[in-house]
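Every position in the sequence shown, counted from 1, becomes a number in my numbering once 32 is added. All residues carry an ideal CB built from backbone N, CA and C; glycine is no exception. Report on one structure; see the data block that follows.
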Amino acid sequence: MIGMYKDTFRVLSKRILKHIPKQEKKQYAEEITTQLLLSEWWVRAEVIAITVAREIELDTMPIIEKAWKQDKTVVIPKCYPDEDNTMRFYQFTNKNELENVFLDLYEPKEDPKKLVSSQDIDLIIVPGLLFDYQGYRIGYGGGYYDRFLTSYNQDKISIAMELQLVKHVPHEVFDLPVDAVITEKNIYKNPDI
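Pasting the structure below:
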């Protein structure tokens, strides 16, 4: 039953995100980036995991470029659907290391020398379509992050526009909340952490 609710939220969220004007989204992204860069999580992190955003999402390249300028290590995920939807992170140093795998999703080209262990990641910025104030989220439905987060014990946050926040996101026992959601207006910390 919860899965049906999630699917409905997923469809509606994508529709809303597609209709936000690019300039408006860019403004939100700049304000969110400012909040993020001043946050305790960002300041103490040396290795940051983040996705290269899809067209409908907030642009993450400015965040990645800020991390590079601050000599932080940036890692991005590669998904393995044939390996029980696992995900591995690879160091990202320039756009030439990306490949478009499907549906506007850019991932790193597989390079064993750039593989980074989850224990070495200080902060993971978890993507999503919709979030609630407790840090639960609705993602794209593959379950990659839910699987990854079960064995990840460092800082985990999300970035979102205020209009991506709702009072309650339907979640199941295996869904794990992030520590905080950073928006253009506020930082909503998970009250249970």
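### Beta-carbon proximity list for Asp222, same chain, < 8 Å, skipping 5 on both sides
Mapped onto the sequence shown, residue 222 falls at position 190. According to the sequence as given, residue 222 is Asn; it is not Asp. The beta carbon of Asn222 is closer than 8 Å to those of Gln166, Gly167, Pro209, Val210, Asp211 and Ala212 in its chain, skipping five residues each way along the sequence.
### Query
Can you name the start and end residues of the beta strand (DSSP E) that Ile96 belongs to?
Here the question's residue 96 lines up with position 64 in the sequence shown. From DSSP, Ile96 is part of no beta strand (DSSP E) but of the alpha helix (DSSP H) over Met93 to Lys101.
### Task
Report the three-state DSSP secondary structure of Glu142 (helix, strand or coil).
The residue you call residue 142 lines up with position 110 of the sequence shown. It is coil, neither helix nor strand.
#### Entry: Bounding residues of the beta strand (DSSP E) (the contiguous stretch that carries Arg120)
For the purposes of this step, residue 120 is taken as residue 88 along the sequence shown, with counting starting at 1. Element bounds for Arg120: Thr118 to Gln123.
### Query
Looking at C-beta atoms only, is the number of pairs between the stretch 105-115 and the stretch 74-93 that lie closer than 8 Å three or more?
Yes, the stretch 105-115 is in contact with the stretch 74-93.
### Beta bridge counterpart(s) of Leu181 as assigned by DSSP
For the purposes of this step, residue 181 is taken as residue 149 along the sequence shown, with counting starting at 1. Bridge partners of Leu181: none, in fact.
### Task
Leaving aside the five residues before and after Lys110 along the sequence, list all residues of the same chain whose C-beta is less than 8 Å from its C-beta, in chain order.
As a first step, residue 110 must be located in the sequence shown, where it is residue number 78. Excluding sequence neighbours, Lys110 sits near Met119, Arg120, Phe121, Tyr122, Glu139, Pro140 and Glu142.
### Whole-Å CB distance - Phe163 paired with Leu195, under 8 Å assumed
For this step, residue 163 is matched to residue 131 along the sequence shown. For this step, residue 195 is matched to residue 163 along the sequence shown. Actually they do not touch by this definition, with Cβ atoms about 11 Å apart.
#### Entry: Anticipated Cβ contact below 8 Å, Ile170 with Leu181, distance rounded
For the purposes of this step, residue 170 is taken as residue 138 along the sequence shown, with counting starting at 1. For the purposes of this step, residue 181 is taken as residue 149 along the sequence shown, with counting starting at 1. Contact doesn't hold; Cβ gap of about 15 Å is too wide.
### Task
Specify the secondary structure class of Ser190 as computed by DSSP and reduced to three states.
Within the sequence shown, residue 190 is the residue found at index 158, counting from 1. Under the three-state reduction of DSSP, Ser190 is assigned to strand.
### Message
Could you tell me the alpha carbon to alpha carbon distance between Thr215 and Ala61, rounded to whole angstroms?
### Response
Looking up residue 215 in the sequence shown gives position 183. Looking up residue 61 in the sequence shown gives position 29. So the alpha carbons of these two residues sit roughly 9 Å apart.
### Query
The alpha helix (DSSP H) with Ala61 in it runs from where to where?
Here residue 61 refers to the residue found at position 29 of the sequence shown. In the DSSP assignment, Ala61 falls within the unbroken alpha helix (DSSP H) covering Lys54 to Leu70.
### Given Asp152 as reference, the closest of Gln186, Pro159 and Arg179 once Cα atoms are compared
The residue given as residue 152 occupies position 120 in the sequence shown. Considering only Gln186, Pro159 and Arg179, the residue with the shortest C-alpha distance to Asp152 is Gln186.
### Message
Can you tell me whether Phe206 is buried or exposed? The criterion is at least 16 other CB atoms within 10 Å of its CB, across all chains shown.
### Response
Numbered from its first residue, the sequence shown carries residue 206 at position 174. Label assigned to Phe206: exposed.
### Message
Starting from Asp164, trace the beta strand (DSSP E) in both directions and tell me its first and last residue.
### Response
Against the sequence shown, residue 164 aligns to sequence position 132. Where Asp164 is concerned, the enclosing beta strand (DSSP E) starts and stops at Leu162 to Asp164.
### Query
Rounded to a whole number of angstroms, what is the C-alpha to C-alpha distance between Thr65 and Asn126?
On the sequence shown, position 33 is the one that residue 65 refers to. On the sequence shown, position 94 is the one that residue 126 refers to. Approximately 20 Å between the Cα atoms of the pair.
#### Entry: 7 Å Cβ cutoff met for Pro144 and Lys38
Stepping through the sequence shown from its first residue, residue 144 is reached at position 112. Stepping through the sequence shown from its first residue, residue 38 is reached at position 6. With respect to Lys38, Pro144 sits apart: the two C-beta atoms are not nearer than 7 Å.
### Task
Consult DSSP for Asn132 and reduce its assignment to one of helix, strand or coil.
Sequence index remark: in the sequence shown, residue 132 carries index 100 (1-based). Judged by DSSP in its simplified three-state form, Asn132 adopts strand.
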